[in-house]
Amino acid sequence: MKESAVPDMYEKIQDESTFLGKIASKIPGFSGYMEKSRRREADEILRRTISDRLEATRLELSSVHQELSGDIILAIEHAEPLGRVDNRLMGLIGKIKDAPQGYAGLFDAVKVKEDDLARIYEFDNQMLLYADQIATGAAALQKAVYDGGNIKQAIRELDRTVQEANNTFGSRQEILSGVA
């Protein structure tokens, strides 16, 4: 995967800590809590950004649907595979929006360690790269539709990327549950 051009959200939040937060971090045990809090906040912002980008890509796919509907033969031929991509993308967006923050409360059965929070954040950062790849795939599909290119191939490649992102995101829960 290519590197993201988006600034590291965790570092940005950490750098913007208030003076009071810096003083409170000197209290024994409090700095670990603050660290977790900043990681959770960065994780939430990052997941919101990813889901927003994927929603925008999904809207672009709806314009592809509309363009294809101008030719009934093309519309029928590509309706099922395009619908499958849309459903998978919608499922991925839902998983990302509804994913746990990577935090366990005081009385939760499974405790999430700080290094696991770091892994979750890095994992979610990788999902940002998938969002870019999915947007690129959607743009390639749109180009194929408008320019008379290989629409089937563009749909297959987009579907493969969405499936890969779904599978990768599915392993996030393993980290949270302590399995991975």
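Counting from 0, one number per residue, gives the positions in the sequence shown under the working numbering.
The beta-carbon is built from N, C-alpha and C at its ideal position, and this holds for glycine as well.
As the structure is a computational prediction, the values presented were derived from the model and not from experiment.
- About 7 Å separates the beta carbons of A134 and R52, which is inside the 8 Å limit, making them a contact pair.
- Membership of N165 in the alpha helix (DSSP H) is indicated by the continuous run I150 to G169.
- A straight-line Cα-Cα distance of about 47 Å links D146 and R37.
- For the 8 Å CB-CB criterion, I95 and F168 form a contact.
- Going by beta carbons, E66 and V144 fall inside the 8 Å limit.
- Across the structure, L91 and A164 are spaced so that their CA atoms are roughly 8 Å apart.
- Under a 10 Å Cβ-count criterion, S61 is classified as exposed, with fewer than 16 other Cβ atoms of the shown protein chains found around its own Cβ.
- Between R47 and V161, the CB-CB gap reaches or exceeds 8 Å.
- With respect to D158, V63 sits apart: the two C-beta atoms are not nearer than 8 Å.
- With at least 16 other beta carbons inside 10 angstroms of its own, A41 counts as buried.
- In this model, G69 and A130 are separated by some 28 Å (Cα to Cα).
- When DSSP states are grouped into helix, strand and coil, P99 belongs to the coil group.
- CA-CA distance, D123 to L140, rounds to 26 Å.
- Counting every other CB atom within 10 Å of its CB across the protein chains shown gives S170 a total below 16, marking it as exposed.
- Assigned with DSSP and collapsed to three states, S68 falls in coil, not helix or strand.
- Looking from the CA of E43, the closest CA among A138, Q132, L127 and N166 belongs to L127.
- A Cβ-Cβ contact shorter than 8 Å links E59 with A137.
- Using a 10 angstroms sphere on the CB of A98, the tally of other CB atoms reaches 16 or more, which defines it as buried.
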